[in-house]
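Encoded as structure tokens, the structure appears first; notes follow it.
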Amino acid sequence: MSKHNRITAYIHLDAIAHNFHVMKENLREGVQMVAVIKTDGYGHGAVPIARMLESCDYIWGYAVAAVSEARQLREAGIVKPILVLGYTFEEDYAWMAQNGIRPTVFTVEMAQKFAECQTLLNKDSDAGRPAPVHLAVDTGMSRIGVSDTQEGLNTALAIAHMPSIFIEGVFTHFARADEKNKSAAIGQMKRFAAFCDRLEENGVGGFLRHCSNSAGILELPEANMDMVRAGITVYGIYPSDEMDREAIRLRPAMELKSHVVYCKKIPAGTPVSYGGTFVAEREMEVATIPAGYGDGYPRSLSNKGNVLIRGKRAPIIGRVCMDQFMVDVTGMGVQTLDEVTLLGRDGAEEITVDELGALSGRFPYEFVCDIGKRVPRTYCGA
Ligand SMILES: *Cc1c(COP(=O)(O)O)cnc(C)c1O
50 MSKHNRITAY
60 IHLDAIAHNF
70 HVMKENLREG
80 VQMVAVIKTD
90 GYGHGAVPIA
100 RMLESCDYIW
110 GYAVAAVSEA
120 RQLREAGIVK
130 PILVLGYTFE
140 EDYAWMAQNG
150 IRPTVFTVEM
160 AQKFAECQTL
170 LNKDSDAGRP
180 APVHLAVDTG
190 MSRIGVSDTQ
200 EGLNTALAIA
210 HMPSIFIEGV
220 FTHFARADEK
230 NKSAAIGQMK
240 RFAAFCDRLE
250 ENGVGGFLRH
260 CSNSAGILEL
270 PEANMDMVRA
280 GITVYGIYPS
290 DEMDREAIRL
300 RPAMELKSHV
310 VYCKKIPAGT
320 PVSYGGTFVA
330 EREMEVATIP
340 AGYGDGYPRS
350 LSNKGNVLIR
360 GKRAPIIGRV
370 CMDQFMVDVT
380 GMGVQTLDEV
390 TLLGRDGAEE
400 ITVDELGALS
410 GRFPYEFVCD
420 IGKRVPRTYC
430 GA
């Protein structure tokens, strides 16, 4: 599959395209999608993914968490709308307004400062168009957003009436849509819909309603509304182990591959790696793999977990170091420079993010986000 490298993340763009396709098939006709590509596309690389999606008609745009992420996309020539899902600081507002970056607003002060920036920009140009913002509504996360009370409504109305900006979207975020029991998510959805209705009764309309995250897309079709925000599912990972894996079959987008750099026999009684936490009980063959927690491969996989070599599982022995770890390859005929699969497929065997997440005590989202900058990404299948 590859030239030799310490460790490489292969990103299968065809799997990502497949995941969008199967999600889209589960949506009501006309519902648009936001591709959530924060944390550099959950570790997969935001720019190549956005490039692939630029020409896709049902993708409204992208969502990120930081203005720096939006900047990286614009610098790469990405033109679709970009929504920053979290708080943004006023230092960035002028650049955001100029570049079609939608801030999430939820206080009068934020919206006012953003509107002032757009007013200044409009003075310098003939166009004088208002800038789009998205209003966050808190219906159960207690994170950001106006509350769905009269007070929250007053804030929303004040923002809606500001010059130089307009509410392009109103959204909320589910806290528990990934659970089998959807009653909490349905409760949030109803509160959100009621809040949007009250905005409309007060003369504010024409905005996009969006509340579904990945879990909502998969299992809560009644929450489609105008638009949905697809995150973890883009990358072929299910939001939780309570989600049905049969109804919509996602394909994992990331594989991690390495190569054996050293093979040797050790006699019984030989300790392996820091702390001597593993001691050979018999003579064994040991292979050294040039990857470690410095690459985001969790140290908590020490003496747990496997890699695949020649289509077979080889167990990790001893502690995972920053840049290397050892596996037991006794009787496997392994040689130096054999390919090693840390994540993904080799023949009939597969190591999934779910498996590594469970073994390492890392949340699957966290596992892929934490694959380090030192790991080169290679894009295939486009
Ligand atoms: C991260 C995030 C998403 C995507 O969540 P997934 O569970 O990965 O689909 C959607 N909306 C908001 C507001 C987010 O912060």
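Going by my numbering, the letters in the sequence shown line up with residues 50 to 431, in that order.
Glycine residues also receive a C-beta, built at the ideal position from the N, C-alpha and C atoms.
Exercise. Grouping DSSP H, G and I as helix and E and B as strand, with all else coil, what is Ile-235?
Worked result: For Ile-235, the secondary structure class from DSSP, reduced to helix, strand or coil, is helix.
Exercise. Quick one: is the Cβ of Ser-263 within less than 6 Å of any heavy atom of ligand 1?
Worked result: yes
For this session: Would you kindly work out how many angstroms separate the C-alpha atoms of Leu-170 and Ala-180, rounded to a whole number?
Result: Distance between the alpha carbons of Leu-170 and Ala-180: 10 Å.
Problem set entry | Leu-386 burial status per 10 Å Cβ neighbour count (16 or more: buried) | Here Leu-386 is exposed: its Cβ has fewer than 16 other Cβ atoms, across all protein chains shown, within 10 Å.
For this session: Determine the direct distance from the alpha carbon of Glu-250 to that of Ala-243, and round the result to whole angstroms.
Result: 10 Å
Problem set entry | Reference Pro-364; option with closest CA among Val-71, Met-371, Ala-226, Asp-377 | Asp-377
Exercise. Looking only at C-alpha atoms, which of Cys-105, Ser-104, Ala-99, Val-219 sits nearest to Glu-124?
Worked result: Ala-99
For this session: Determine the DSSP secondary structure at Val-277, reduced to helix, strand or coil.
Result: For Val-277, the three-state secondary structure derived from DSSP is strand.
Exercise. If you draw a straight line from the C-alpha of Glu-139 to the C-alpha of Lys-353, how long is it?
Worked result: 47 Å
For this session: Could you spell out where the alpha helix (DSSP H) holding Met-101 opens and where it closes?
Result: 95-102
For this session: Give the straight-line distance between the Cα atoms of Glu-330 and Pro-316, rounded to the nearest whole angstrom.
Result: Straight through space, the alpha carbons of Pro-316 and Glu-330 are spaced by roughly 8 Å.
Exercise. Would Pro-320 pass as a contact of Arg-411 if the rule is Cβ separation under 7 Å?
Worked result: no
Exercise. Cβ of Leu-299 within 6 Å of any heavy atom in ligand 1?
Worked result: no
For this session: Report yes if the C-beta of Arg-278 is less than 6 Å from at least one heavy atom of ligand 1; otherwise report no.
Result: yes
Exercise. Using the rule of at least 16 other Cβ atoms within 10 Å of the residue's Cβ for burial, across every protein chain shown, is Glu-200 buried or exposed?
Worked result: exposed
Exercise. Using the C-alpha atoms, what's the distance from Ala-146 back to Phe-163?
Worked result: Approximately 8 Å, taken between the alpha carbons.
For this session: For Val-85, verify whether its CB is less than 6 Å away from any heavy atom of ligand 1.
Result: yes
Exercise. How about Gly-324 and Arg-368: are their beta carbons less than 7 Å apart?
Worked result: Yes; because the gap between Cβ atoms is below 7 Å, this pair is in contact.
Exercise. Counting pairs of Cβ atoms below 8 Å between the region 303-313 and the region 264-278, do you hit three or more?
Worked result: no
Exercise. Ile-358 bridges to which residues according to DSSP?
Worked result: Lys-361, Val-389
Exercise. Which of helix, strand or coil does DSSP assign to Leu-62?
Worked result: The three-state reading of DSSP puts Leu-62 in helix, counting H, G and I together.
Problem set entry | Spatially closest choice to Asn-54 from Ile-338, Ile-420, Pro-413, by CA coordinates | Ile-338
Exercise. Going by the beta-carbon positions, is the gap between Pro-413 and Gly-421 smaller than 7 Å?
Worked result: no
Exercise. Should the region 177-193 be called in touch with the region 144-160, which here means at least 3 C-beta pairs below 8 Å?
Worked result: yes
Problem set entry | alpha helix (DSSP H) segment containing Phe-374, residue limits | Not the alpha helix (DSSP H): Phe-374 falls in the beta strand (DSSP E), residues 374-377.
Exercise. Run through DSSP, which three-state label would Pro-413 get?
Worked result: helix
Exercise. Is Val-116 near Thr-137, with beta carbons less than 7 Å apart?
Worked result: yes
Exercise. If you compare alpha carbons, which of Gly-236, Ile-281, Asp-173 is closest to Lys-437?
Worked result: Because the chain in this structure spans residues 50 to 431, residue 437 falls outside the shown range and cannot be described.
For this session: Check whether the Cβ atoms of Ala-58 and Val-389 lie closer than 7 Å to each other.
Result: Cβ atoms of Ala-58 and Val-389: not closer than 7 Å.
For this session: Could you have a look at Leu-299 and say whether DSSP puts it in helix, strand or coil?
Result: coil
Exercise. Are the beta-carbon atoms belonging to Gln-167 and Ile-214 less than 7 Å from one another?
Worked result: yes
For this session: For the beta strand (DSSP E) containing Asp-187, list its first residue and its last residue.
Result: 180-187
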